[in-house]
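K.L.:
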Amino acid sequence: MADPALKEFLAKTPFFGGLAGTPVFDRLAEMLRDREFKKGAVVLREGETGTSMYIVRSGALYATRKCEDGSEVRMLLFRPGDFVGVTTLIEMEPRPFTITAEKDTQLLELDSKDLYQLYKQDLKAYVLVLQNINRELVRRLRKAGVRIAYLTRLAGVDHAPEHH
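For the sequence shown, counting from 1, position 91 maps to 1268 in the working numbering; every step adds exactly one.
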C-alpha cells in the first residue's frame, strides 16, 4: 500500500484528478516507482523511444528541443505534480523533447505495461486516466497557442506557417 503522504500528493496532481478514494487510485499508486535524478541529469532524450511517463514529486525538470540549426531552445518547466513523457505512451513516437533535471529531482515512474494492465483490468478506470491526460495536454496546447501568437507577432509576421 502506498504511504499516506504519497497518496495525498497524488490526489492533487492532474494525472490522478477525480480518482482519489477509488480502488483505481490505489492500484495506480502501487504501480509507481521512485526515480531520483541529480541536477543536470537527462531523464528523457529527444528522438528516443520510451515506455514510461513520470510525475514530478519534488525538484524540477526543464524541456529543450533542437532547432534546425542544431541549437537547443528551452521550452517548458515542470514542477511537482506535473507529468512528462506521456506523449510517447499515447502515440508511440520518439520523444519530442529532452527532459533534464533542473535541480535534484524525485520522479514517480509509470511504465506503459502497467497502464496496459489497467486497460485490461478496468476499462472504465483506464478511460478516466486518459481523460486526465487529455485535459492536461489540451491545457498545454492552449498555452502553446498563446505563445505561438505572441512569437508570430514578435517576428512581424501577419500569419503563422501552414499546418501540414
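Glycine included, C-beta positions come from ideal geometry on N, C-alpha and C. Please read these numbers as outputs of a predicted model, since none were measured by experiment.
#1: Start and end of the alpha helix (DSSP H) containing Phe1186?
#2: Under a three-way DSSP split, which group does Val1334 fall into?
#3: For a cutoff of 9 Å on Cβ pairs, would you count Leu1300 as touching chain D?
#4: Terminal residues of the continuous beta strand (DSSP E) containing Asp1288?
#5: My guess is that Tyr1239 and Arg1256 are in contact by the Cβ rule of under 8 Å, so how many angstroms apart are they, rounded?
#6: For Pro1271 and Thr1199, what's the separation of their Cα atoms in angstroms?
#7: Report back the beta-carbon spacing between Gly1236 and Ala1278 to the nearest angstrom; my notes put them in contact at under 8 Å.
#8: Please list the terminal residues of the continuous beta strand (DSSP E) segment that includes Glu1213.
#9: Go through its chain and collect everything with a Cβ distance to Tyr1303's Cβ below 6 Å, but skip five positions before and after it.
#10: Start and end of the beta strand (DSSP E) containing Leu1238?
#11: Are the beta-carbon atoms belonging to Asn1311 and Phe1193 less than 9 Å from one another?
#12: Would a C-beta distance cut-off of 9 Å place Leu1314 and Thr1241 closer than the cut-off?
#13: Which residues bound the alpha helix (DSSP H) around Glu1268?
#14: For Thr1277, which beta-bridge partners are listed by DSSP?
#15: Per DSSP, which one or two residues make a beta bridge with Val1306?
#16: Which residues bound the beta strand (DSSP E) around Glu1249?
#17: Pair every Cβ in the stretch 1315–1330 with every Cβ in the stretch 1201–1218, then say whether three or more of these pairs are closer than 8 Å.
P.N.:
Well, looking at it:
#1: Sequence index remark: in the sequence shown, residue 1186 carries index 9 (1-based). Counting along the chain, the alpha helix (DSSP H) containing Phe1186 begins and ends at Pro1181 to Ala1188.
#2: Start at 1 with the first residue of the sequence shown, and residue 1334 comes out as number 157. If DSSP states are grouped into helix, strand and coil, Val1334 belongs with coil.
#3: Considering every chain present, this structure includes no chain D. It has just one protein chain.
#4: For the purposes of this step, residue 1288 is taken as residue 111 along the sequence shown, with counting starting at 1. Taken as a continuous stretch (DSSP letters only), the beta strand (DSSP E) holding Asp1288 covers Thr1282 to Asp1288.
#5: Here residue 1239 refers to the residue found at position 62 when the sequence shown is read from its first residue. Here residue 1256 refers to the residue found at position 79 when the sequence shown is read from its first residue. At roughly 10 Å, the Cβ-Cβ gap does not stay under 8 Å, so Tyr1239 and Arg1256 are not in contact.
#6: Against the sequence shown, residue 1271 aligns to sequence position 94. Against the sequence shown, residue 1199 aligns to sequence position 22. Pro1271 and Thr1199: Cα-Cα distance of roughly 33 Å.
#7: The residue labelled residue 1236 in the question sits at position 59 within the sequence shown. The residue labelled residue 1278 in the question sits at position 101 within the sequence shown. Confirmed, Cβ separation roughly 6 Å.
#8: Counting from one through the sequence shown, the residue named residue 1213 turns up at place 36. From DSSP, the beta strand (DSSP E) with Glu1213 extends over Arg1210 to Phe1214.
#9: Walking along the sequence shown from the start, residue 1303 turns up at place 126. For Tyr1303, where only same-chain residues beyond five positions count, the Cβ hits under 6 Å are Leu1295 and Tyr1296.
#10: In the sequence shown, the residue the question calls residue 1238 occupies position 61. First-last of the beta strand (DSSP E) with Leu1238: Leu1238 to Lys1243.
#11: Residue numbering aside, residue 1311 sits at position 134 when the sequence shown is read from its first letter. Residue numbering aside, residue 1193 sits at position 16 when the sequence shown is read from its first letter. No, the pair does not count as a contact, with Cβ atoms beyond the cut-off.
#12: Mapped onto the sequence shown, residue 1314 falls at position 137. Mapped onto the sequence shown, residue 1241 falls at position 64. No, Cβ-Cβ distance for Leu1314 and Thr1241 is not below 9 Å.
#13: Along the sequence shown, read from residue 1 onward, the residue named residue 1268 stands at position 91. Start and end: Val1263 to Glu1268.
#14: Position 100 of the sequence shown holds residue 1277. BP columns for Thr1277 point to Val1219 and Tyr1239.
#15: As a position in the sequence shown, residue 1306 is number 129, starting the count at 1. In DSSP, Val1306 forms no bridge with anything.
#16: Stepping through the sequence shown from its first residue, residue 1249 is reached at position 72. Glu1249 to Phe1255 is the extent of the beta strand (DSSP E) around Glu1249.
#17: no
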